[in-house]
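The opening position of the sequence shown corresponds to residue 861 in the numbering used here, with each subsequent residue numbered one higher. Heads up, the beta-carbon is just placed ideally off N, CA and C, and yes, glycines get one too. These figures come from a predicted structure and were not determined experimentally.
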Amino acid sequence: MEGTDAFGFTAADYSTEIGIWPDNWDAFKVFEAMSTQWRTGACGVTGMDYSVLSGVIRMCGVPISQRQTIFSDFRRMEAEALQVMAEQRENK
């Protein structure tokens, strides 16, 4: 078929757009702002540098009343990212 790749997909089948629910937007902003704070060791990425997290949360405009929730959400995102990176290392 013309316009398809080796698996039969067209460019329209691939989307680089992701949706973020409004309830997750503040946690996403913090996670994205922390993207340069990954720490690595001999076996690869080990986690985020939390020493700058409180400043980043403030700079992202998260209200004080929501910071504990955002921190919890951030840690879940970090754990999931670490899992994905570990799987990618295993599959190499």
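Measuring only the C-alpha atoms, how far is residue i from residue j?
i: M861; j: A902; result: With a pLDDT of only 48 at M861, under the threshold of 50, the placement of this residue in the model should not be trusted, and no figure is reported.
i: G863; j: G879; result: 27 Å
i: T896; j: D883; result: 24 Å
i: K952; j: V944; result: 13 Å
Enumerate in chain order the residues of its own chain whose CB-to-CB distance from residue i is below 8 Å, with the five nearest sequence positions on each side excluded.
i: G907; result: W898, R899, E938, L942
i: M919; result: A893
When you compare the CB positions of residue i and residue j, do they come within less than 7 Å of one another, or not?
i: D886; j: I924; result: no
i: F934; j: F891; result: yes
Spatial neighbours of residue i within its chain, please: CB distance less than 7 Å, with the 5 preceding and 5 following residues excluded, ordered by chain position.
i: R949; result: G904
Quick one, which of the options has its alpha-carbon nearest residue i's?
i: D909; options: M945, G921, Q926, M894; result: M894
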